[in-house]
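A.B. asks: Got a structure for you, written out below as structure tokens; questions coming shortly.
Protein chains in written order, with this note's numbering: chain A, 1 to 113; chain B, 1 to 116.
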């Protein structure tokens, strides 16, 4: 039981490049989330998916797209990376509405130069 | 809009002492959940404790307990018998509900340093 896994762990991009961050959970959870964490800030919600087939914007969605590929997987895509997207990205899942605890992946450190 | 405020950016304490981290939040909801998460240098987010707003009794988990004051919208975390392994950033979080689902609103965090 791996919990929530994220790939890659580290990534360096040039401005304008695109990439997809992958997230998978093996806990059969309904809900999945993408957060970003910047220095001096808490985690801020980018997008979330309450259940397979649905996605919704969070607090800071601009510059990102998401895909809930199936119940296990939730990917985050940067179409044209900008230096302002340099951050640590966390994926999380929860089995809402049964409990509200969110389980987090190990994070991806992304640097855009 | 819901907000979460942690007014102490940094705190330090010695081993075996007790420390309290503050958190206030703003919401018009009546039923909600509150959480404290710990983020050690490894960067992993770890749930420390959670509180359901409809419960009057304060949650406890071993050395960790909360002081939940619903009317004051205050949710502080008390760590007793502090250990070196408690050194981490601590985030207070509020569970917000919407038609699309639920999501966490985080405070900016308090960096706790425990020294010997």
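Just so it is clear, CB atoms sit at the ideal spot from N, CA and C, and this is done for glycine as well. None of the values given here were measured: they were computed from a predicted structure.
1) Going by DSSP, what residue range makes up the beta strand (DSSP E) through residue 26(B)?
2) Along the segment 39-58 of chain B, where does the CB come closer than 7 Å to a CB of chain A? Name the residues.
3) Residues of chain B with CB under 7 Å from residue 41(A), in chain order?
4) Since residue 86(A) is in the beta strand (DSSP E), which residue starts that stretch and which ends it?
5) Measure the alpha-carbon distance for residue 50(A) versus residue 108(A) and round it to whole angstroms.
6) Sorted by chain position, which residues of the same chain lie with C-beta nearer than 7 Å to residue 109(B)'s C-beta, five sequence neighbours on each side aside?
7) Within 10 Å of its beta-carbon, does residue 38(B) have 16 or more other beta-carbons around it, so buried, or fewer, so exposed?
8) Figure out for me which residue from 14(B), 10(B) and 4(B) has the closest Cα to the Cα of residue 115(B).
9) Using beta carbons (cut-off 8 Å, strictly below), is residue 88(A) in contact with chain B?
10) Can you pull the DSSP bridge partners for residue 97(B)?
11) By how many angstroms is the C-alpha of residue 81(A) removed from the C-alpha of residue 8(A)?
12) Between 25(A), 71(A), 1(A) and 15(A), which has its C-alpha nearest residue 113(A)'s C-alpha?
13) Taking only beta-carbon positions, decide if residue 8(A) is within less than 8 Å of chain B.
14) Since residue 135(A) contacts residue 54(A) with CB under 8 Å, what's their CB separation in whole angstroms?
15) Strictly below 8 Å CB to CB, what residues from chain B border residue 101(A)?
16) Note down the Cα distance separating residue 95(A) from residue 82(B), rounded to an integer number of angstroms.
17) Whole angstroms are fine: how far does the CA of residue 34(A) sit from the CA of residue 90(A)?
18) Please say whether residue 67(B) and residue 76(B) have beta carbons closer to each other than 8 Å?
19) Could you please give the first and the last residue of the uninterrupted beta strand (DSSP E) stretch that includes residue 55(B)?
20) Go ahead and pull the three-state DSSP assignment for residue 26(A).
21) Can you tell me which of 58(B), 69(B), 94(B) and 21(B) puts its alpha carbon nearest to the alpha carbon of residue 111(B)?
C.D. replies: So, to answer that:
1) As a working note, residue 26(B) is residue 26 in the second chain. Its beta strand (DSSP E) spans residues 24-26.
2) Against chain A - using a Cβ distance shorter than 7 Å - the residues of the segment 39-58 of chain B are 43, 44, 45, 47 and 50.
3) As a working note, residue 41(A) is residue 41 in the first chain. Chain B residues near residue 41(A): 108.
4) By 1-based counting over the first chain, the position of residue 86(A) is 86. Segment: none, residue 86(A) is in no beta strand (DSSP E) and carries neither H nor E.
5) Locating residue 50(A) in the first chain gives position 50, where the first residue counts as 1. Locating residue 108(A) in the first chain gives position 108, where the first residue counts as 1. Rounded to the nearest angstrom, the two C-alpha atoms are 22 Å apart.
6) As a working note, residue 109(B) is residue 109 in the second chain. Excluding residues up to 5 positions away in sequence, 6, 89, 90 and 91 lie with their Cβ nearer than 7 Å to the Cβ of residue 109(B) in the same chain.
7) The sequence position of residue 38(B) within the second chain is 38, counting from 1. Residue 38(B) is buried by the Cβ-count criterion.
8) As a working note, residue 115(B) is residue 115 in the second chain. Taking the Cα of residue 115(B) as reference, the smallest distance to any Cα among 14(B), 10(B) and 4(B) is reached at 14(B).
9) Here residue 88(A) is taken as the residue at index 88 of the first chain, counted from 1. Yes, residue 88(A) counts as interfacial toward chain B.
10) Position 97 of the second chain, counted from the first residue, corresponds to residue 97(B). 102(B).
11) Sequence index remark: in the first chain, residue 8(A) carries index 8 (1-based). Sequence index remark: in the first chain, residue 81(A) carries index 81 (1-based). Straight across, the Cα-Cα distance linking residue 8(A) with residue 81(A) is about 16 Å.
12) The residue you call residue 113(A) lines up with position 113 of the first chain. Considering only alpha carbons, the answer is 15(A).
13) On the first chain, residue 8(A) is found 8 positions in, with the first residue counted as 1. Taking Cβ atoms only, chain B never reaches closer than 8 Å to residue 8(A), which makes this a no.
14) Not covered by the structure: residue 135(A). The range shown for chain A is 1 to 113.
15) The residue given as residue 101(A) occupies position 101 in the first chain. Neighbours of residue 101(A) on chain B, chain order: 35, 47 and 50.
16) Mapped onto the first chain, residue 95(A) falls at position 95. Mapped onto the second chain, residue 82(B) falls at position 82. Going from the Cα of residue 95(A) to the Cα of residue 82(B) covers about 32 Å.
17) Taking the first residue of the first chain as position 1, residue 90(A) is located at position 90. Taking the first residue of the first chain as position 1, residue 34(A) is located at position 34. Their backbone Cα atoms lie some 6 Å apart in a straight line.
18) Within the second chain, the letter at position 76 stands for residue 76(B). Within the second chain, the letter at position 67 stands for residue 67(B). Contact: yes.
19) In the second chain, counting from the first residue as 1, residue 55(B) sits at position 55. Neither: residue 55(B) is in no beta strand (DSSP E) and is coded neither H nor E.
20) By one-based count along the first chain, residue 26(A) stands at place 26. The answer is coil: DSSP assigns residue 26(A) none of H, G, I, E or B.
21) Counted from its first residue, the second chain places residue 111(B) at position 111. In this structure, 21(B) is the residue among 58(B), 69(B), 94(B) and 21(B) with its C-alpha nearest to the C-alpha of residue 111(B).
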